[in-house]
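Sequence positions in the sequence shown follow our numbering and run 18 to 215.
Cβ atoms here follow ideal geometry from the backbone N, Cα and C, with glycine treated the same way.
Please read all numbers here as calculations on a predicted model, not as lab measurements.
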Amino acid sequence: MSTTQMIFGGPEQAIFGVGMTQLGKSYGLPVYINVGLSDSKRPDAQAALEAGITLAFGTAAGADIFGHMGIAGVDQAASLDLLTMQNEVIAYVESTMRELDISDEALGLDLLEKLGPGGSFIDTDHTFERFRKELWMPKLLDRSYYQAWLDSGAKSMEQRCSVRKQEILDSHIPDQMDEKFVYELDSIVSAAKKELGD
């Protein structure tokens, strides 16, 4: 209230999103909410914290669609670096929402019994076959040893997001729209212009 500035990244936004999701789901509707946003003006720690927490609440509530990714400072700017960071946050949150397989096979109960106390599971086929499915592998979060991080340039999350954004911009080739579809769009625009006298 001190500035009348709208708040996108506060806990109120998460609560609002959860409430909207509960209302929509009670009517059997798909739900679109604005979470994963930030009041930060750049893709920094504040942006990651606000996006992560509000997205986690919205996802746990069961919302179907999240919107307005990549905006910064309460709709005052857009940032492809922030969008890149939010993509990583979304992947992180999605990985927490998967169903856990606690079957005997998934837990490796036979293997537990065979190896017994003090046995090592790290070099077993069971571990090798499952670890990539069970462990989320981030594209941008750094999980390296400290010295390895230093040796690779000691880049911050913000720097890694910027590098990844540039890689995408340099390498992505958008799919071409079907010519028939383009023709139909042009026809609609032409008809609208004619109708509006433009």
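Bridge partner(s) assigned by DSSP for phenylalanine 83: Start at 1 with the first residue of the sequence shown, and residue 83 comes out as number 66. Answer is Ile50.
Exposed unless 16 or more other CB atoms sit within 10 angstroms - verdict on isoleucine 50: Mapped onto the sequence shown, residue 50 falls at position 33. Isoleucine 50 comes out buried.
Nearest to phenylalanine 74 (by Cα), restricted to the options Ala62, Ala31 and Gly36: As a position in the sequence shown, residue 74 is number 57, starting the count at 1. Per the Cα distances, Ala31.
Rounded distance between the beta-carbons of alanine 80 and glycine 34, thought under 8 Å: By 1-based counting over the sequence shown, the position of residue 34 is 17. By 1-based counting over the sequence shown, the position of residue 80 is 63. Correct: roughly 6 Å between the Cβ atoms.
Coil, strand or helix - alanine 171 by DSSP: Here residue 171 refers to the residue found at position 154 of the sequence shown. Looking at alanine 171 - three-state DSSP - the assignment turns out to be coil, as it is neither helix nor strand.
As assigned by DSSP and simplified to three states, the class of isoleucine 185: The residue given as residue 185 occupies position 168 in the sequence shown. Collapsing the DSSP output to three states places isoleucine 185 in a helix.
Through-space distance from alanine 77 to glutamine 63, alpha-carbon basis: Along the sequence shown, read from residue 1 onward, the residue named residue 63 stands at position 46. Along the sequence shown, read from residue 1 onward, the residue named residue 77 stands at position 60. Distance between the alpha carbons of glutamine 63 and alanine 77: 21 Å.
Nearest-angstrom Cα separation, counted from leucine 152 out to alanine 123: Walking along the sequence shown from the start, residue 123 turns up at place 106. Walking along the sequence shown from the start, residue 152 turns up at place 135. The alpha-carbon atoms of alanine 123 and leucine 152 are separated by roughly 14 Å.
Beta carbon of leucine 54 nearer than 8 Å to that of threonine 71: Within the sequence shown, the letter at position 37 stands for residue 54. Within the sequence shown, the letter at position 54 stands for residue 71. Judged by their CB atoms, leucine 54 and threonine 71 are nearer to each other than the 8 Å cut-off.
Inter-stretch contact (C-beta, 8 Å, three-pair minimum) for the region 89–97 and the region 127–143: no
Three-way DSSP call (helix, strand, coil) for isoleucine 139 in this model: Residue numbering aside, residue 139 sits at position 122 when the sequence shown is read from its first letter. Three-state result, isoleucine 139: coil.
Cα-Cα separation, phenylalanine 83 to valine 52: Here residue 83 refers to the residue found at position 66 when the sequence shown is read from its first residue. Here residue 52 refers to the residue found at position 35 when the sequence shown is read from its first residue. Taking the straight line from one Cα to the other gives about 6 Å.
CA-to-CA distance, valine 110 to glycine 69, given in whole angstroms: Taking the sequence shown and counting its residues from 1, the one referred to as residue 69 is at position 52. Taking the sequence shown and counting its residues from 1, the one referred to as residue 110 is at position 93. Rounded to whole angstroms, glycine 69 to valine 110 spans 7 Å at the Cα level.
CB contact flag (aspartate 56, glycine 87, <8 Å): As a first step, residue 56 must be located in the sequence shown, where it is residue number 39. As a first step, residue 87 must be located in the sequence shown, where it is residue number 70. No, they are not a contact pair.
7 Å Cβ shell around tryptophan 166 - same chain, five flanking residues per side excluded: Here residue 166 refers to the residue found at position 149 when the sequence shown is read from its first residue. Cβ neighbours of tryptophan 166 beyond the five flanking positions: Asp159.
In DSSP terms, what isoleucine 32 is bridged to: Within the sequence shown, residue 32 is the residue found at index 15, counting from 1. None; isoleucine 32 has no bridge partner.
CA-to-CA distance, aspartate 92 to aspartate 118, given in whole angstroms: Here residue 118 refers to the residue found at position 101 of the sequence shown. Here residue 92 refers to the residue found at position 75 of the sequence shown. One Cα belongs to aspartate 118, the other to aspartate 92, and the distance between them is close to 40 Å.
Any C-beta of chain C under 8 Å from that of alanine 68: No chain C appears in the structure shown, which is made up of a single protein chain.
Every unbroken alpha helix (DSSP H) inside the region 95–135 [4 residues or more]: 97–113, 121–124 and 126–132
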